[in-house]
Amino acid sequence: MLKVILIFQRINLYYTIFFYRNSMENQLAELYAEPAGEFDNFVRMSCSDFEYLLQKISPMIAKNDTDWRDAIPVKVRLAVTLRYLATGDSYRSLHYLFKISSQVISLIVPEVCLALNDVLKDLVKMPKTANEWLSKAQGFNFPHCIGALDGKHIMILPPPHTASEYFNYKGHLYS
Numbered sequence: 000m001l002k003v004i005l006i007f008q009r010i011n012l013y014y015t016i017f018f019y020r021n022s023m024e025n026q027l028a029e030l031y032a033e034p035a036g037e038f039d040n041f042v043r044m045s046c047s048d049f050e051y052l053l054q055k056i057s058p059m060i061a062k063n064d065t066d067w068r069d070a071i072p073v074k075v076r077l078a079v080t081l082r083y084l085a086t087g088d089s090y091r092s093l094h095y096l097f098k099i100s101s102q103v104i105s106l107i108v109p110e111v112c113l114a115l116n117d118v119l120k121d122l123v124k125m126p127k128t129a130n131e132w133l134s135k136a137q138g139f140n141f142p143h144c145i146g147a148l149d150g151k152h153i154m155i156l157p158p159p160h161t162a163s164e165y166f167n168y169k170g171h172l173y174s
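0 is the number of the first residue of the sequence shown in the working numbering; add one for each residue after it.
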């Protein structure tokens, strides 16, 4: 009987260590500690900006632990949402990355987006009149464009004799 108890304790310890090592909160901490900007690339935001947002929205999105399970930490909830907004990954893809069910992610993302909207509504000003929209669009010199949050380089084959115009810092030809 004692042998069976010891085996179960060892299995329980193994699973505890396994899940601790592989939990997203620990992976975020490792990314955060990386000097090469891995965290910035993961959520497309600096560590200081992430901490600022985390501090602002924590009271709005924090959940309580229950007897059945621990709540998903606020840091992970924000990271899931930022990763979704940064990459456009499907909830299923985020499920594999964060080890959170797609159904829960489908609840987290809108909730955190509403909290972000609440917190940042005074920092982001949208044009209110047609003239403001037009003046904003003219500043981009690109038809029907009124703003840009991030850019995506797309590899192309350039027109003949124009390769130098399409060469960028990544060492390829992009539009």
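Backbone N, C-alpha and C define an ideal beta-carbon position, used for all residues, glycine too.
- Pair every Cβ in the segment 133-147 with every Cβ in the segment 77-88, then say whether three or more of these pairs are closer than 8 Å. Verdict: no, contact absent.
- Message: Let's test the definition: count the other Cβ atoms within 10 Å of the Cβ of Met125 and tell me whether it reaches 16, buried, or not, exposed.
- Response: Residue mapping note: residue 125 aligns to position 126 of the sequence shown, counting from 1. When all chains shown are included, Met125 counts as exposed.
- Tell me where the alpha helix (DSSP H) around Thr86 begins and ends. Here residue 86 refers to the residue found at position 87 when the sequence shown is read from its first residue. Note, Thr86: alpha helix (DSSP H), 73-86.
- Message: Spatial neighbours of Asp64 within its chain, please: C-beta separation below 7 Å, excluding the five flanking residues on both sides.
- Response: Reading the sequence shown from its first residue, position 65 is the one you call residue 64. Closer than 7 Å at the Cβ level, and outside the excluded window around Asp64, lie Ala70.
- C-alpha gap between Met154 and Val42, whole angstroms: Position 155 of the sequence shown, counting from 1, holds the residue named residue 154. Position 43 of the sequence shown, counting from 1, holds the residue named residue 42. If I take the Cα positions, the gap works out to 23 Å.
- Message: Give me the residue from Leu53, Arg91, Leu84 with the minimum Cα distance to Pro109.
- Response: Along the sequence shown, one-based indexing puts residue 109 at 110. The candidate whose alpha carbon is nearest that of Pro109 is Leu84.
- Task: Return the chain-ordered list of same chain residues with a C-beta closer than 7 Å to the C-beta of Val73, the five sequence neighbours on each side being excluded.
- Result: Position 74 of the sequence shown holds residue 73. Around Val73: Leu53, Ser57, Ile60, Ala61.
- Query: At what residues does the alpha helix (DSSP H) containing Pro109 begin and finish?
  - Reply: If you number the sequence shown from 1, residue 109 lands on position 110. Here the alpha helix (DSSP H) through Pro109 covers 101-119.
- I think Ser105 touches Arg91, with their Cβ atoms under 8 Å apart; what is that distance to the nearest whole Å? Position 106 of the sequence shown, counting from 1, holds the residue named residue 105. Position 92 of the sequence shown, counting from 1, holds the residue named residue 91. The Cβ separation is near 10 Å, so there is no contact.
- Message: So, with DSSP's three-state summary, where would you put Met154?
- Response: What you label residue 154 is simply residue 155 of the sequence shown in a count that begins at 1. The answer is strand: DSSP assigns Met154 an E or B state.
- Query: For Ala129, does the count of other Cβ atoms within 10 angstroms reach 16, so buried, or fall short, so exposed?
  - Reply: For the purposes of this step, residue 129 is taken as residue 130 along the sequence shown, with counting starting at 1. Classification of Ala129: exposed, given that the 10 Å Cβ count is below 16.
- Item | Span separating the alpha-carbon of Pro158 from that of His143 | On the sequence shown, position 159 is the one that residue 158 refers to. On the sequence shown, position 144 is the one that residue 143 refers to. Across the structure, Pro158 and His143 are spaced so that their CA atoms are roughly 25 Å apart.
- Arg20, buried or exposed, once every other Cβ within 10 Å from all chains shown has been counted against 16: The sequence position of residue 20 within the sequence shown is 21, counting from 1. Bear in mind that a pLDDT of 43 at Arg20, under 50, signals an unreliable position, so the number given afterwards is only what the model happens to contain. Around the Cβ of Arg20, a 10 Å sphere holds fewer than 16 other Cβ atoms; the residue is exposed.
- Under three-state DSSP, which class holds Phe139? Here residue 139 is taken as the residue at index 140 of the sequence shown, counted from 1. The answer is coil: DSSP assigns Phe139 none of H, G, I, E or B.
- Ser45 versus Lys98: straight-line alpha-carbon distance, rounded: Walking along the sequence shown from the start, residue 45 turns up at place 46. Walking along the sequence shown from the start, residue 98 turns up at place 99. Straight-line measurement puts the Cα of Lys98 at about 23 Å from the Cα of Ser45.
- Can you give me the Cβ contacts of Glu24 inside the same chain, cut-off strictly under 7 Å, excluding the 5 residues immediately before and after it? In the sequence shown, counting from the first residue as 1, residue 24 sits at position 25. Around Glu24: Pro72, Lys74, Val75.
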